[in-house]
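Below is one structure, written out as structure tokens; comments come after it.
Protein chains in written order, with our numbering: chain A, 1 to 306; chain B, 307 to 676; chain C, 677 to 1094.
Structure (structure tokens):
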């Protein structure tokens, strides 16, 4: 037995040690690593009926990835324009949602982090409560508001701003509002955590030296809050790119989200390998994008999740 | 009351990777003794304690408790109880539950536990504090609860890891006496870890002086103080003035040493180094501040030192004179205050005198950091 | 002067932000009490509680709640224990492996839920086949798959919560227990677990909430165990009713209840801790605890009680209140309105026909005078000339309640071709 394992069991006892090691291995290997590898492997295989799996036809192929780029074989178009468009639109929209959320949440996080008083607890509570309520129901609430005969249209038309109701859903406004709404907390909390630990004297000192407020933020607060900001942005981006409920409920009928394509491959087309390939593409692209941005802003992986 | 259970360390080596924390320690601790390991932080004394209590498995060598080899026996099976540096009282348990935790483990009923806890609380003079939480007690009270908790387990050996270091000076001095009394009353072996020589000297029957994983000297307090075996022991335990030089001649248990700056001085050779210190060896000679006395200016001889006074201070019980010393070190002289008048000598050259028996010579070696 | 402007703008910003955050929930809650069968807050018709009874009669919702609770319990057990083991491991793992290990256990938070669902499904399906088990084995059971899939990432959340508390744990406490004769299991149970209890409770609540509301992962794994969220999504996607608002309202109420209760509890503990501290110095602890009651200086507790009384009052009203008369009135009114509108339309069509006859192909004359639904802007017919103008006007003019209005009606587009 290697010495570190021996130390481990000495420190934790044989029973507790094995239990702990077992659980951690089950989680990391059995639930995280192997399923992801399994999905990767699966995405390189043809879609076969169960009896043929493992048979002579079960060979590695790039078919599923080719499909995303070139569409079905012998198709009329050179490229799979529909799916590619959905893919890029999803990424761009997720970036937009992230930026929108950052702009929206930064002032709130700053205010909560740098203000003392009892009302901060209440505001924090009001922030959290919506997140104890089902994701579907949150989207549903927005649909009531943005619907054609919804509250917003009633107000806008009633007050004479618009003469006719505006179709928020078809114009994807409802979708973006919903995605932004869904992940506000994930943006606020990491930023808040960092800003809370920023010594208020630093800000006072900067103000004392005559710095205008925007310069204080640019030179003092934002550099300090960078780990929190990147953590929040990463989470919001990953989650909105991977969102499924909000696009299904709030998305217009003609505008699909990439996750919806994956969902269709699995549930409507029963083409699991194809769906797995799409999922791999989504995962890898998102990770690469996040890593690239983190490299650009010089942030570490260890800061995420704090 | 039995004579208590002894503890032996046999050729004990403890390594962490490439780092040697304890190097070939051999210690015999008599049953019922109050034994201290004294050394600066990082010298390996806590490591030894953890090896005795069973949290560490020695890399080589053995730990024997009451003559039984403890190899492979976990901390929960050893007849030892450890008092942690930060006490490690269970914060969520009441004081009496803390004290009787070992009985809870053994499956005793709540009634029995409470009864025993109350007895121990009486012993540590905290009779009515049993229902408080540890956080509601003062530092000294917590200290005593930790001792009671350890005693409740009825260990053969009590191990204490600098338990007084967090207390303020007054309390620390008070707790020294109290610890010593408790030890006498329960009659079990105490092994005490400290970097404070005052604690070690006042409480211990025997002391082991440790430096960088090595035990330099084992002996009772007087021996360690008056007859140090190494330069480190001499400089670490109590204040000492060091004179570096070469051995010029050896006569029986005395040596004449040519010091670098203070001429030829005569000194006793420490017992441990008798026969080991030879002519021509690099040596160090130590004289305690209180062993130096003022002498008529200009007196010369092999037990007289002349030096320039840099500054003086009045400490209450002593007048301290600081003089230019050897190799960046000052010579400190402590003159007991019994009401005599005392002039300012700053800047003057003064002659000091000592008894040869009060100076001790050891081979040159590493000194304790200030 | 400048300062007060900043202050005001901060408050305005906060107000807008919280309206965005809470407004939708408030409006959704209101729709649960309005009588139209499409959830809407305006126009207000009749106060009704029928959507609540509709909710309780919905087998699928009830079944979904049952499944959600089953999945939630399983997820709590699995993810809290994995999270705890993961957190403990993090504190003692070999330093060189630490960063890698942390990345692995934190990754599920960032992996899209859809991907987690798919990988769980694909992996366990493969295991199932490798073991030669049939399609009905427990490995391909929706309950098992959902718990496994959700725990993959929920355990990461639990780990984060637990590690925060674990960092304040003094390892010497465990050693002290061992030293006093406890086994490792006893030290764990008697010392570490009680210390971790508050964090374990938070982690369990978090795990349950995350499990309860999860959609992305569950939608791939639920099999024959659709959870409440899955059922809700089906309902919301294929036609929405105020019964869903009613459910949402109840969840909102429960949440606010729980939050207030938690807040009151924290306050109470603070008061007790303070009393004990003060009591300890005076030397009399027990009397110090009794003095400050549950309510003293505890705004949350007071709000909680007010809230509870209000809830009981509402439920009381609901049992005796009947909106039948009101609904009948509204229906009568609607009927009259519809008749009136039909009459108007007839008149207009007549006029249109006359105008068309007179003006021939003149454009613009047929612009329908409706202002409901999707007006002329979107109706493609309006630009094409007068002859189709009436067809979309018919659709949009009727009191159609669908959220999408006439726009999706295919004949709008076809109409242009005809």
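Ideal Cβ placement from N, Cα and C applies to all residues, glycine included. Quick caveat, the model's predicted, so the values are computed rather than measured.
- Under the three-state reduction of DSSP output, residue 720 of chain C falls in the coil class, being neither helix nor strand.
- Between the beta-carbon of residue 594 of chain B and that of residue 546 of chain B there is about 6 angstroms, and that keeps the pair under the 8 angstroms contact cut.
- Secondary structure note for residue 474 of chain B: it is in no alpha helix (DSSP H), with a DSSP letter that is neither H nor E.
- The beta carbon of residue 10 of chain A falls within 8 angstroms of a beta carbon belonging to chain B, placing the residue at that interface.
- Sequence-ordered contacts of the stretch 354-369 of chain B with chain A read 363 [C-beta pairs closer than 8 angstroms].
- Out of A:4, A:90, A:189, A:33, the CA that lies nearest to the CA of residue 237 of chain A is found in A:90.
- Ranked by Cα distance from residue 537 of chain B, the first of B:328, B:614, B:583 is B:583.
- Counted as a single uninterrupted DSSP element, the alpha helix (DSSP H) harbouring residue 796 of chain C occupies residues 789-806.
- Chain-ordered listing is empty here: chain C has no CB closer than 8 angstroms to the CB of residue 214 of chain A, the nearest sitting near 12 angstroms.
- Residue 357 of chain B is a Cβ neighbour of residue 369 of chain B, given a cutoff of 8 angstroms.
- Residue 90 of chain A has a beta carbon lying at 8 angstroms or more from every beta carbon in chain C.
- Between residue 68 of chain A and residue 281 of chain A, the gap from beta carbon to beta carbon is short of 8 angstroms.
- Just measuring C-alpha positions, the residue of A:299, A:241, A:271 sitting nearest residue 98 of chain A is A:241.
- In this structure residue 669 of chain B is buried. Its beta-carbon is surrounded by 16 or more other beta-carbon atoms within 10 angstroms.
- For residue 857 of chain C, the neighbours in chain B by C-beta distance under 7 angstroms run, in chain order, 382, 408, 411, 412, 459.
- The Cβ of residue 889 of chain C sits no closer than 8 angstroms to any Cβ of chain B.
- Between residue 98 of chain A and chain C, the shortest Cβ-Cβ separation is not below 8 angstroms.
- Residue nearest to residue 456 of chain B within the set B:494, B:478, B:507 is B:494 (criterion: CA-CA distance).
- If the five residues before and after residue 752 of chain C are omitted, its C-beta is found closer than 7 angstroms to the C-beta atoms of 880, 883, 884, all from its own chain and listed in chain order.
- Residue 616 of chain B: member of the beta strand (DSSP E) spanning 610-620, first to last residue.
- Following the DSSP letters along the chain, one finds residue 66 of chain A inside the alpha helix (DSSP H) bounded by residues 63-70.
- Among the residues facing chain B, residue 771 of chain C is not included, as its CB has no counterpart in that chain under 8 angstroms away.
- Residue state for residue 294 of chain A is assigned as helix, using DSSP reduced to three classes.
- Comparing alpha-carbon positions, the option among C:700, C:687, C:729, C:736 lying closest to residue 901 of chain C turns out to be C:736.
- Counting along the chain, the unbroken alpha helix (DSSP H) around residue 226 of chain A starts and ends at 222-241.
- Under DSSP, residue 704 of chain C shares a beta bridge with no residue.
- For the stretch 863-893 of chain C, the set of positions with a beta-carbon nearer than 9 angstroms to some beta-carbon of chain B reads 863, 866, 867, 870, 871, 873 in chain order.
- Close partners of residue 952 of chain C in chain B (Cβ separation under 7 angstroms): 442.
- The criterion of a C-beta distance shorter than 8 angstroms is satisfied by residue 827 of chain C and residue 31 of chain A.
- Per DSSP, the beta-bridge partners of residue 524 of chain B are B:514.
- By the CB criterion at 8 angstroms, residue 327 of chain B and residue 353 of chain B fall inside the cutoff.
- Shown here for residue 468 of chain B: same chain residues with a beta carbon closer than 6 angstroms to its own, the five before and five after excluded, namely 391, 499, 500 in chain order.
- With a cutoff of 8 angstroms on beta-carbon distance, residue 190 of chain A and residue 254 of chain A are scored as not near each other.
- Uninterrupted alpha helix (DSSP H) stretches at least 4 residues long and entirely within the stretch 807-882 of chain C occur at 818-842, 847-855, 860-863, given in chain order.
- The Cβ-Cβ distance between residue 531 of chain B and residue 598 of chain B does not fall below 8 angstroms.
- The straight-line gap separating the alpha-carbon atoms of residue 1018 of chain C and residue 915 of chain C is approximately 27 angstroms.
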